[in-house]
Amino acid sequence: MFKIPFKNSIMVVDDKPANLKLLEKMLSDKGYLVRPFPKSTMALNVALSDPPDLILLDINMPEMDGFEVCRRLKADEKTRQIPIIFISALTETLDKIKAFEVGGVDYVTKPFQFEEVYARVKTHLNLKRVQQMVEEKNQLLEKTLSDLQTTQKQLVQSEKMAALGVLTAGIAHEINNPVNFIKTSALGLEQDIKDIEQLLEFYKEHCTRCDNQDGAVGERLNIIKEEIDFDLLIEELPELMNNIKEGVNRTQEIVLSLRLYSRMDDFEFKKTGIHTLIDASLVILKNRYSQQKIFVKKEYGQEIPQIYGHPGKLTQVFTNIIANAIDALQNCDLNGVKNKKEITIKTALESKDDQQYVAVSIQDNGDGISLEHLDKIFDPFFTTKDVGKGSGLGLSISIGIIQEHNGLIEVVSSSQSEDIKSELRASGTTFSLFLPIT
Ligand SMILES: Nc1ncnc2c1ncn2[C@@H]1O[C@H](COP(=O)(O)OP(=O)(O)OP(=O)(O)O)[C@@H](O)[C@H]1O
Ligand SMILES: [Mg+2]
Numbered sequence: 265m266f267k268i269p270f271k272n273s274i275m276v277v278d279d280k281p282a283n284l285k286l287l288e289k290m291l292s293d294k295g296y297l298v299r300p301f302p303k304s305t306m307a308l309n310v311a312l313s314d315p316p317d318l319i320l321l322d323i324n325m326p327e328m329d330g331f332e333v334c335r336r337l338k339a340d341e342k343t344r345q346i347p348i349i350f351i352s353a354l355t356e357t358l359d360k361i362k363a364f365e366v367g368g369v370d371y372v373t374k375p376f377q378f379e380e381v382y383a384r385v386k387t388h389l390n391l392k393r394v395q396q397m398v399e400e401k402n403q404l405l406e407k408t409l410s411d412l413q414t415t416q417k418q419l420v421q422s423e424k425m426a427a428l429g430v431l432t433a434g435i436a437h438e439i440n441n442p443v444n445f446i447k448t449s450a451l452g453l454e455q456d457i458k459d460i461e462q463l464l465e466f467y468k469e470h471c472t473r474c475d476n477q478d479g480a481v482g483e484r485l486n487i488i489k490e491e492i493d494f495d496l497l498i499e500e501l502p503e504l505m506n507n508i509k510e511g512v513n514r515t516q517e518i519v520l521s522l523r524l525y526s527r528m529d530d531f532e533f534k535k536t537g538i539h540t541l542i543d544a545s546l547v548i549l550k551n552r553y554s555q556q557k558i559f560v561k562k563e564y565g566q567e568i569p570q571i572y573g574h575p576g577k578l579t580q581v582f583t584n585i586i587a588n589a590i591d592a593l594q595n596c597d598l599n600g601v602k603n604k605k606e607i608t609i610k611t612a613l614e615s616k617d618d619q620q621y622v623a624v625s626i627q628d629n630g631d632g633i634s635l636e637h638l639d640k641i642f643d644p645f646f647t648t649k650d651v652g653k654g655s656g657l658g659l660s661i662s663i664g665i666i667q668e669h670n671g672l673i674e675v676v677s678s679s680q681s682e683d684i685k686s687e688l689r690a691s692g693t694t695f696s697l698f699l700p701i702t
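The numbering used here runs 264 ahead of the 1-based position in the sequence shown.
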């Protein structure tokens, strides 16, 4: 194959045609691509638009002297790195110093020996090449270091998540036993209280006889009844019992969801019902969305088949996307807009490119995601939340999990401010997940 030899380009700037010609010829003979310029301003413009590898620059020139040309080239990012060698008849030490001060790398005095010029040119071109290589290597090192730091942070985070999963599973397991005691005891207690109530009713009916036989007993009974507010107590008992039962049921639901969420040990994909997993996420997040008065609307499709998937990981995905929607609604102001804060979760069967999917869409009517953020939200550590509130890992982990399931994730968000204030509030953000049925 024919290879074109690489030639370094050198710009020679001198207002004396004789010097210019001499340097052009000699440097060309040495194999350089030489561009001669008799006018400094013209040389400056050309150097700025098409930078050479090195410049030989005369100092005393009409229009603009060599120092000024050098200063301007050093001030421009594109031409800052070009080595500039001054050539001048000036032999004053002060001028030499100034030549270095304005950014020159070397100085040759006229009349010059061509061999000396050539040696200096060669040295500075070599230096420039080495410097460029060092810079490239530096950039590569910096990139490698930043990649390493990102990977390390991700590793630490996934270790933390795994440890958290084990801890959560342990706690959920430990809580389950005492909760079962409470539930069984509460049911027994309810029955016992009903029996005691019966006894008290019977007592009340026959108290008049006690009164008759021994007035002191009757009187004492009345005092105690007043002290303990007997009538209110009888009224309150069923309500208190119900609260205990409801609390226990909710704790059991949470424990069950946490166990599903943290099933880190369960690496096998299995037939999984999507609705159970979404419901588990909603149980975990119930407190957060009810406190914010957010209405969750479920529109589950009919006869949605099970998919093959990892229940714990998929629950994490739903939990993160719904948690993001709650965060978005928490900070958004719906004043003056008729709609209430709402998250709508829909499931359906959908076909895409000959593949059947269970599609899950999670939509909020929050402020949406701005266009400049939209293509960054899946990047690890990208967050717009305050320090300590979001780590920016939720969506990057979620996309990884969905890809592991050969699924797809899409996001549509509308953040135009005029829509937000309009009566027909914009749809906010919708995350759509597609999980293949295979
Ligand atoms: N429904 C949404 N509405 C508005 N912005 C959203 C929504 N979902 C995600 N975002 C934006 O995407 C960013 C990244 O989300 P991601 O879940 O990856 O991280 P995070 O929620 O900030 O932190 P983490 O989930 O790790 O606690 C969020 O900080 C937010 O700016
Ligand atoms: Mg998140």
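Ideal Cβ positions, reconstructed from N, Cα and C, are used throughout, including at glycine.
How many angstroms separate the CA atom of residue i from the CA atom of residue j?
i, j, result
"Pro703", "Glu365", "Here the chain covers residues 265 to 702 and nothing more, so residue 703 does not appear."
"Thr611", "Ile508", "34 Å"
"Thr305", "Asn283", "18 Å"
"Arg552", "Thr343", "58 Å"
"His388", "Lys280", "24 Å"
"Ala427", "Lys605", "35 Å"
"Lys616", "Ser422", "32 Å"
"Asp370", "Pro302", "21 Å"
"Ala623", "Leu613", "6 Å"
"Pro347", "Gln413", "36 Å"
"Leu404", "Gln416", "18 Å"
"Ile701", "Glu438", "36 Å"
"Asp278", "Ile323", "8 Å"
"Phe559", "Ser545", "15 Å"
"Tyr296", "Lys392", "15 Å"
"Glu469", "Gln455", "22 Å"
"Ala480", "Glu491", "17 Å"
"Lys550", "Ile586", "11 Å"
"Glu461", "Ile487", "19 Å"
"Leu497", "Gly452", "19 Å"
"Val420", "Leu672", "26 Å"
"Arg335", "Asp359", "14 Å"
"Glu400", "Glu406", "10 Å"
"Leu635", "Arg514", "40 Å"
"Tyr262", "Thr536", "Because the chain spans 265 through 702 in this model, residue 262 falls outside it and cannot be assessed."
"Gln627", "Tyr564", "13 Å"
"Glu254", "Asn440", "The shown model of the chain, from 265 to 702, leaves out residue 254, and the question about it has no answer."
Can you tell me which of the options puts its alpha carbon nearest to the alpha carbon of residue i?
i, options, result
"Glu332", "Gly367, Val298 and Asp314", "Gly367"
"Asn603", "Pro569, Leu638, Lys557 and Ile585", "Lys557"
"Glu674", "Leu697, Lys392 and Ser615", "Leu697"
"Ser625", "Pro281, Asp617 and Ile538", "Ile538"
"Lys649", "Gln555, Glu379 and Ala592", "Ala592"
"Phe645", "Thr373, Gly656 and Asp597", "Gly656"
"Ser521", "Glu503, Ser662, Ile542 and Thr536", "Ile542"
"Lys374", "Val394, Ala353 and Lys424", "Ala353"
"Gly434", "Arg393, Ile663, Thr583 and Leu524", "Leu524"
"Leu659", "Ile571, Asn629, Ile641 and Val651", "Ile641"
"Lys534", "Pro569, Glu500 and Lys458", "Pro569"
"Asn670", "Glu406, Leu463 and Gln619", "Gln619"
"Gly654", "Leu699, Ile590 and Ile498", "Ile590"
"Glu500", "Phe466, Ile457, Thr408 and Ala311", "Ile457"
"Gln594", "Glu567, Ser554 and Thr579", "Ser554"
What are the start and end residues of the alpha helix (DSSP H) that includes residue i?
i, result
"Ser292", "Pro281 to Asp293"
"Leu297", "Element bounds for Leu297: not the alpha helix (DSSP H) but the beta strand (DSSP E), Leu297 to Phe301."
"Thr305", "Ser304 to Ser313"
"Ser655", "From DSSP, Ser655 is part of no alpha helix (DSSP H); its letter is neither H nor E."
With a threshold of 8 Å on Cβ separation, who are the neighbours of residue i within its own chain once the five nearest residues in sequence on each side are excluded?
i, result
"Glu288", "Val276, Val298 and Pro300"
"Ser677", "Gly632, Ile633, Leu638, Gly692, Thr693 and Thr694"
"Leu337", "Leu308, Ala311, Leu312, Ile319, Thr343, Arg344, Ile346, Ile348 and Gly367"
"Tyr621", "Leu613, Glu614, Ser615, Gly671, Leu672, Phe698, Leu699, Pro700 and Ile701"
Can you give me the Cβ contacts of residue i inside the same chain, cut-off strictly under 7 Å, excluding the 5 residues immediately before and after it?
i, result
"Lys577", "Ile665"
"Asp529", "For Asp529, the predicted structure reports a pLDDT of 48, less than 50, and the residue's modelled location is therefore unreliable. A value from the coordinates is still provided. Within the same chain, Asp529 has no close Cβ partners at all."
"Val547", "Glu517, Ile518 and Ser521"
"Arg384", "Ile349, Asp370 and Val372"
"Tyr382", "Lys294"
"Asp495", "none"
Just to confirm the assignment, what range does the beta strand (DSSP E) spanning residue i have?
i, result
"Val560", "Phe559 to Glu563"
"Asp322", "Leu318 to Asp322"
"Ile547", "A quick correction: the sequence has Val, not Ile, at residue 547. That residue, Val547, is in no beta strand (DSSP E); its alpha helix (DSSP H) goes Ile538 to Gln555."
Under 6 Å Cβ to Cβ from residue i, same chain only, skipping five residues before and after it: list those, please.
i, result
"Ser662", "Val581 and Asn584"
"Ser273", "Leu297, Pro316 and Asp317"
"Ala436", "Val519, Leu522 and Arg523"
Worksheet item: What beta strand (DSSP E) runs, 3 residues minimum, are completely inside the segment 595 to 647?
Response: 606 to 616 and 619 to 628
Item to complete: Let me know the beta strand (DSSP E) ranges lying completely inside the segment 336 to 396, each 3 residues or longer, listed in chain order.
Response: 348 to 352 and 370 to 373
Item to complete: May I have a chain-ordered list of the alpha helix (DSSP H) segments no shorter than 4 residues that lie completely inside the segment 457 to 528?
Response: 479 to 491 and 494 to 525
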